[in-house]
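Numbered according to the working numbering, the sequence shown terminates at residue 73, and the numbering increases by one at each position without gaps.
A virtual CB, placed ideally from N, CA and C, is assigned to each residue, including glycine.
Notes follow the structure.
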Amino acid sequence: MRIFIVMDTTENTGRESIIGVFESLAKAKTALADYVLNTENDTIEPAYVDIVRFEVEE
């Protein structure tokens, strides 16, 4: 099974950096867009915000 994790490692790493875990890339992109729109622009560093894909066993 494939999952997508939206992360912002600007200030934190590890579990504190996880914004959400999603079952599809479309849902992850929507969550990322919501996160960017609802966060102050001066606190987001584009190089540290990402969607990461993982394969996990069910």
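Which value, in whole angstroms, describes the spacing of the CA atoms of residue i and residue j?
{"i": "residue 44", "j": "residue 68", "result": "12 Å"}
{"i": "residue 33", "j": "residue 27", "result": "9 Å"}
{"i": "residue 70", "j": "residue 56", "result": "32 Å"}
{"i": "residue 61", "j": "residue 49", "result": "14 Å"}
{"i": "residue 38", "j": "residue 59", "result": "24 Å"}
By the DSSP assignment, the alpha helix (DSSP H) with residue i in it spans what residues?
{"i": "residue 49", "result": "40–52"}
Counting C-beta neighbours from all protein chains within 10 Å, is the total for residue i 16 or more, i.e. buried, or is it exposed?
{"i": "residue 40", "result": "exposed"}
{"i": "residue 47", "result": "buried"}
{"i": "residue 23", "result": "buried"}
Provide the residue span of the beta strand (DSSP E) that contains residue i, from first to last.
{"i": "residue 18", "result": "17–23"}
{"i": "residue 65", "result": "64–70"}
{"i": "residue 35", "result": "33–37"}
Shortest alpha-carbon distance to residue i belongs to which of the options?
{"i": "residue 63", "options": "16, 52, 21", "result": "21"}
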